[in-house]
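Report on one structure; see the data block that follows.
Number of protein chains: 2
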Amino acid sequence: MDKLTSMNVFVRVAKAGSFAGAAKDLDISRAMATKHIMQLESELNTRLFNRTTRSLSLTEAGEAYLERCQQVLLDVAEMESAITHLQTEPRGTLKILAPPVIGASHISPGLTEYLKNYPDLSVEMVLKGGQVDLIDEGVDLAIYLGQLNDTSLVARKLASSSLVVCASPEYLKNHGIPQDPEDLEDHSCLINWAIPPRNKWRFKGILGERTVTVTGRMQANMADPIRNAAVNGLGLIMLPRYIVGRDIEQGRLQVVMEQYGIAPLEIYAVYPHRKYLSAKVRSFLEFIQAWLPHRIGMNP
Amino acid sequence: MDKLTSMNVFVRVAKAGSFAGAAKDLDISRAMATKHIMQLESELNTRLFNRTTRSLSLTEAGEAYLERCQQVLLDVAEMESAITHLQTEPRGTLKILAPPVIGASHISPGLTEYLKNYPDLSVEMVLKGGQVDLIDEGVDLAIYLGQLNDTSLVARKLASSSLVVCASPEYLKNHGIPQDPEDLEDHSCLINWAIPPRNKWRFKGILGERTVTVTGRMQANMADPIRNAAVNGLGLIMLPRYIVGRDIEQGRLQVVMEQYGIAPLEIYAVYPHRKYLSAKVRSFLEFIQAWLPHRIGMNP
DNA sequence: TTTATTGTTTCTTAACTTTATACAATTTAT
DNA sequence: ATAAATTGTATAAAGTTAAGAAACAATAAA
Numbered sequence: 001m002d003k004l005t006s007m008n009v010f011v012r013v014a015k016a017g018s019f020a021g022a023a024k025d026l027d028i029s030r031a032m033a034t035k036h037i038m039q040l041e042s043e044l045n046t047r048l049f050n051r052t053t054r055s056l057s058l059t060e061a062g063e064a065y066l067e068r069c070q071q072v073l074l075d076v077a078e079m080e081s082a083i084t085h086l087q088t089e090p091r092g093t094l095k096i097l098a099p100p101v102i103g104a105s106h107i108s109p110g111l112t113e114y115l116k117n118y119p120d121l122s123v124e125m126v127l128k129g130g131q132v133d134l135i136d137e138g139v140d141l142a143i144y145l146g147q148l149n150d151t152s153l154v155a156r157k158l159a160s161s162s163l164v165v166c167a168s169p170e171y172l173k174n175h176g177i178p179q180d181p182e183d184l185e186d187h188s189c190l191i192n193w194a195i196p197p198r199n200k201w202r203f204k205g206i207l208g209e210r211t212v213t214v215t216g217r218m219q220a221n222m223a224d225p226i227r228n229a230a231v232n233g234l235g236l237i238m239l240p241r242y243i244v245g246r247d248i249e250q251g252r253l254q255v256v257m258e259q260y261g262i263a264p265l266e267i268y269a270v271y272p273h274r275k276y277l278s279a280k281v282r283s284f285l286e287f288i289q290a291w292l293p294h295r296i297g298m299n300p
Numbered sequence: 001m002d003k004l005t006s007m008n009v010f011v012r013v014a015k016a017g018s019f020a021g022a023a024k025d026l027d028i029s030r031a032m033a034t035k036h037i038m039q040l041e042s043e044l045n046t047r048l049f050n051r052t053t054r055s056l057s058l059t060e061a062g063e064a065y066l067e068r069c070q071q072v073l074l075d076v077a078e079m080e081s082a083i084t085h086l087q088t089e090p091r092g093t094l095k096i097l098a099p100p101v102i103g104a105s106h107i108s109p110g111l112t113e114y115l116k117n118y119p120d121l122s123v124e125m126v127l128k129g130g131q132v133d134l135i136d137e138g139v140d141l142a143i144y145l146g147q148l149n150d151t152s153l154v155a156r157k158l159a160s161s162s163l164v165v166c167a168s169p170e171y172l173k174n175h176g177i178p179q180d181p182e183d184l185e186d187h188s189c190l191i192n193w194a195i196p197p198r199n200k201w202r203f204k205g206i207l208g209e210r211t212v213t214v215t216g217r218m219q220a221n222m223a224d225p226i227r228n229a230a231v232n233g234l235g236l237i238m239l240p241r242y243i244v245g246r247d248i249e250q251g252r253l254q255v256v257m258e259q260y261g262i263a264p265l266e267i268y269a270v271y272p273h274r275k276y277l278s279a280k281v282r283s284f285l286e287f288i289q290a291w292l293p294h295r296i297g298m299n300p
C-alpha cells in the first residue's frame with residue numbers, strides 16, 4: 001500500500017472530519033479509507049484518530065503527523081512538477097558532440113540560432129572526431145557521419161551531402177586528370193579517416209560498383225588539414241561538398257570523375273534512447289532537422 | 001509499488017553507481033531494482049539514468065530528482081521517528097477527567113507525584129461528574145465510579161472503597177438510629193447522584209440482598225455538599241470511606257448499620273482504546289494503579 | 001419506531017509484487 | 001583467445017496484496 005497515498009488519505013480524513021467524506025472526495029470506498037489509516041497506524045504503532053462510529057478527533061500524535069504529512073506531500077508534488085517541467089520545457093545544459101568541421105561550420109551556427117528561443121538553456125559543445133562513448137561522457141546528442149554500429153543508440157538522419165573527388169588545378173596539371181577509379185592508385189590520395197571507411201573509396205559507374213584502396217602523402221582525423229593540403233597541391237581528396245564547395249566555386253579545387261556516382265555522406269543525429277527523450281534533446285533535434293538540410297544543400 | 005521505497009532504491013542506485021550494487025545493499029533482486037527505477041521513470045515521464053549494461057550515469061533530471069529525493073526521505077524518516085517517539089516517551093499533554101471529590105483529594109496528588117518523573121509532560125485536569133463523551137472532549141483518561149456501560153471504552157479497575165451509611169451524632173439523637181434498611185424510608189437520605197444508581201441503596205444482610213429506594217432533603221451531583229449537609233445534621237448519607245473516613249474518626253459523623261454489607265464502590269480508569277495506547281496514558285495508568293490503592297485504603 | 005449514516009469487518013476477485021530463470025552485452029580471468 | 005563472470009533487462013509463474021461489495025453494529029435523525 002503506497003504510503004504517500006495513505007498519507008494523502010489521512011490528510012483528507014483529517015480535513016473532512018470523517019472517513020466517509022474523505023472517501024467521497026478521493027473517490028474510494030469507505031473501507032479503503034479505513035484501511036489506509038489503519039495501515040499508517042500500525043506502521044507508526046500509534047493511534048492517529050480517536051474515533052467511534054459517530055465522532056472523530058485527532059490524537060496528539062495525529063495532530064503532529066498531520067502537519068508534517070502535509071509538508072511532505074507538498075514537497076513531493078513540488079518535486080515531481082519540477083522534474084516533469086524539466087521534461088517539458090527545454091532547460092538546463094545540452095551537451096552536444098560533433099565532428100570538428102561540420103560542428104564548427106554548420107552545427108554551431110544552428111545552435112546559436114536555436115538558443116535564442118530558450119533562455120533557460122545553455123549548451124556545451126564538444127568537437128571531436130572518432131568514436132566516443134556518449135553515455136560515459138554524458139553527451140545528450142551527437143552528430144555522426146556515416147553509419148553507426150552501436151545498437152544501444154538511436155540514430156536519426158539529418159541530411160546527406162554528396163562526396164566529390166577533387167584536387168587543385170596545379171596538381172592536376174602536374175599529375176594528370178584521373179578518368180577512372182583505377183587511375184587513383186597512381187595518385188596521391190589524402191585521407192580523412194574521420195569518415196569511414198578509412199582508406200577505401202567506393203564508386204558506382206556504368207559497370208557497377210568499384211572500390212579502390214587509396215594511399216597518399218597525408219592522413220588526418222579531421223577534414224580541415226586534408227582540404228588545406230589539397231588546395232596546396234598535395235593530392236586528391238574525397239570530401240563532402242559542404243566542405244569543399246566554396247573552394248570549387250572559387251577555383252582553388254577542381255572536381256574530377258564527376259561521371260561516377262559516389263554514395264553521399266550521411267549525417268546523423270545520435271542519442272542514447274528513444275523513450276523519455278528530454279525536452280532539450282527533442283526540441284533541438286526537431287530544430288536541427290529542419291535547419292541543417294538547407295545549409296548542407298541537400299535534403300535528408 | 002510504494003513510491004517512497006522506489007525513491008529509496010533510486011537514491012541507493014545513484015550512490016552505488018550500479019543496480020546490482022544497490023540491490024545487494026537493499027537485499028532485493030536486480031530485477032526489482034530495475035523495476036523500481038522504471039516505475040519512477042514512467043511516473044515522471046523522465047529518464048533518470050543513462051545506462052547500458054556496463055555504464056550508468058544520472059541524467060540532468062536524475063540529478064535534480066536525487067537531491068530532492070534524499071530530502072524527502074530524510075523528512076519522512078524524521079517525521080516517523082518523531083511520532084514513534086511520542087508513542088514511546090511520555091510527553092505532550094495528558095488530559096484527565098475525574099469526579100470532583102476523588103479528583104481533588106486523591107488523583108491530583110498522585111498526578112503531582114507522577115509529573116515529577118516526566119519533565120516533557122503536562123496535564124490538563126477536568127473535574128466533572130456525570131457522563132462525558134471522552135472522545136469528543138479529547139480526554140485521554142477518565143476516572144469513573146461504579147460500572148460503565150460504554151462498550152467502546154476500556155475500563156481498568158484501580159481500587160475499591162467500602163461504602164458506609166452515616167449521619168451526624170446530633171441527627172441520630174434527634175431521629176433515632178436506623179437498624180434495618182427498611183428503617184431508612186422514614187429518614188432523610190441525602191443523595192449523591194454522581195454515584196449510580198442514584199436513589200437506590202443496596203444492602204446485603206443475613207437474609208439476602210435488599211434494595212431500598214431512599215428520599216431526602218438534598219440531592220447533588222457531587223459528594224462534597226452532601227457530606228457537608230450530613231455533618232450539619234441534615235440526614236443520612238451513603239458515601240465511600242475515603243470521603244467520610246476522617247469525619248468518622250473525628251466524630252463528626254457516625255456509622256450506622258455496620259452489620260449490613262454494602263457492595264463497595266469500584267473505582268475505574270477508563271480510556272478510549274486498548275491498541276496503540278500512547279505512552280503518556282500507559283505510564284500514568286501503571287503509576288496510578290500502583291499508587292491509588294494505598295491512599296484509598298483497600299486493594300483493587 | 002423507522003430510516004439513514006457512520007466506521008469497520010469479511011470475503012472474493014483482480015491486480016500487483018516478487019522471485020526464478022533466461023538472455024544479450026560486456027568485462028575479467030585464465 | 002577462450003571461458004567464466006557480471007551487468008541490466010525480459011518474461012512467466014507464484015505469492016501477496018489491494019480493492020470493492022456486501023454485511024454489520026452503533027448511532028443519529030426523522
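Residue numbers (UniProt numbering), protein chains in the order written: chain A, 1 to 300; chain B, 1 to 300.
By construction, the Cβ of each residue, glycine as well, lies at the ideal position given by its N, Cα and C atoms.
Since we're looking at a predicted model, the values are computed, not measured.
Asked, Found
"Nearest to A/SER55 by alpha carbon, out of A/ILE262, A/LEU121, A/ASP133 and A/ALA16?", "A/ALA16"
"Looking at the strands, I want to know which residues DSSP matches up with A/GLN219.", "A/ILE191"
"From this set, A/ASN50, A/SER122 and A/GLY208, which residue's C-alpha is nearest A/PRO90's C-alpha?", "A/SER122"
"Taking its Cβ as the centre, do 16 or more other Cβ atoms sit within 10 Å of A/SER160, making it buried, or is it exposed?", "buried"
"Find out if the Cβ-Cβ distance for the pair A/ILE243, A/VAL76 is shorter than 8 angstroms.", "no"
"Which residue from B/GLY205, B/VAL9, B/ARG282 and B/TYR260 puts its Cα closest to that of B/ALA155?", "B/ARG282"
"From A/ALA61 to B/LEU94, what does the alpha carbon distance come to, in whole angstroms?", "12 angstroms"
"Going by C-alpha distance, which of B/ARG68, B/ASN50, B/CYS166 and B/LEU253 is nearest B/ASN8?", "B/ARG68"
"If I measure Cβ to Cβ from B/GLU170 and keep anything under 8 angstroms in the same chain, skipping five residues before and after, which residues do I get?", "GLY233"
"So if I threshold CB-CB distances at 9 angstroms, which residues from the segment 251-283 of chain B count as touching chain A?", "PRO272, HIS273, LYS275, TYR276, LEU277, SER278 and LYS280"
"Does the distance from the C-beta atom of B/GLY92 to that of B/LYS280 stay below 8 angstroms?", "yes"
"Which partner residues does A/LYS204 have in the DSSP bridge list?", "A/GLU209 and A/GLY261"
"For B/LYS157, which three-state DSSP category applies?", "strand"
"Using 8 angstroms as the cut-off, can you tell me whether the segment 166-186 of chain A makes contact with the segment 264-271 of chain A, which would need three or more C-beta pairs spanning the two stretches below that distance?", "no"
"How close, in whole Å, do the beta carbons of A/PRO178 and A/MET257 come, if the pair is a contact with beta carbons under 8 angstroms?", "6 angstroms"
"Please name the residues in the segment 175-190 of chain B whose beta-carbon is closer than 8 angstroms to at least one beta-carbon of chain A, in chain order.", "none"
"So which residues of chain B does A/LYS87 contact, with C-beta pairs closer than 8 angstroms?", "With the sequence shown as reference, residue 87 of chain A is identified as Gln, and Lys is not the correct amino acid for it. Ordered by position in chain B, the residues that pass the 8 angstroms Cβ test against A/GLN87 are LEU44, ASN45, THR46 and ALA61."
"Taking the alpha-carbon of B/ALA230 as reference, which of B/LYS200, B/VAL165 and B/ARG30 has the nearest alpha-carbon?", "B/VAL165"
"From B/THR213 to B/LYS200, what distance separates their C-alpha atoms?", "5 angstroms"
"So, does the CB of A/ASN50 fall closer than 8 angstroms to a CB anywhere in chain B?", "yes"
"Among residues of its own chain, excluding the 5 on either side of A/LEU115, which ones have a beta-carbon nearer than 7 angstroms to its beta-carbon?", "LEU121 and VAL123"
"Output needed in chain order: residues of the segment 151-170 of chain B with a Cβ under 8 angstroms from some Cβ in chain A.", "SER152"
"Tell me, please, whether the CB atom of B/ASP120 is closer than 8 angstroms to any CB atom in chain A?", "no"
"Does the beta-carbon distance from B/ILE143 to B/PRO181 come in below 8 angstroms?", "no"
"Looking only at its own chain, which residues have a Cβ that is under 7 angstroms from the Cβ of A/ARG12, when we skip the five neighbours before and after it?", "ALA22, ASP25 and LEU26"
"Tell me which residues of the segment 19-35 of chain B have at least one Cβ-Cβ distance to chain A shorter than 9 angstroms, keeping chain order.", "none"
"Determine the direct distance from the alpha carbon of A/SER162 to that of A/ILE107, and round the result to whole angstroms.", "18 angstroms"
"Looking at the C-beta of A/LEU115, does it have a partner C-beta in chain B at a distance below 8 angstroms?", "no"
"Could you tell me if B/GLN71 is buried or exposed, where buried requires 16 or more neighbouring beta carbons within 10 angstroms of its beta carbon?", "exposed"
"Going along the chain, which residues of its own chain have a beta-carbon closer than 8 angstroms to the beta-carbon of A/LEU172, five neighbours each way excluded?", "GLN254 and VAL256"
"On a Cα-Cα basis, can you pick out the residue from B/PHE284, B/LEU190 and B/SER29 that is closest to B/MET218?", "B/LEU190"
"Compare the Cα-Cα distances from B/GLU137 to each of A/ARG241, A/THR59, A/LEU277 and A/ASN228 and report the closest residue.", "A/THR59"
"First and last residue of the beta strand (DSSP E) that includes B/ALA142?", "141-145"
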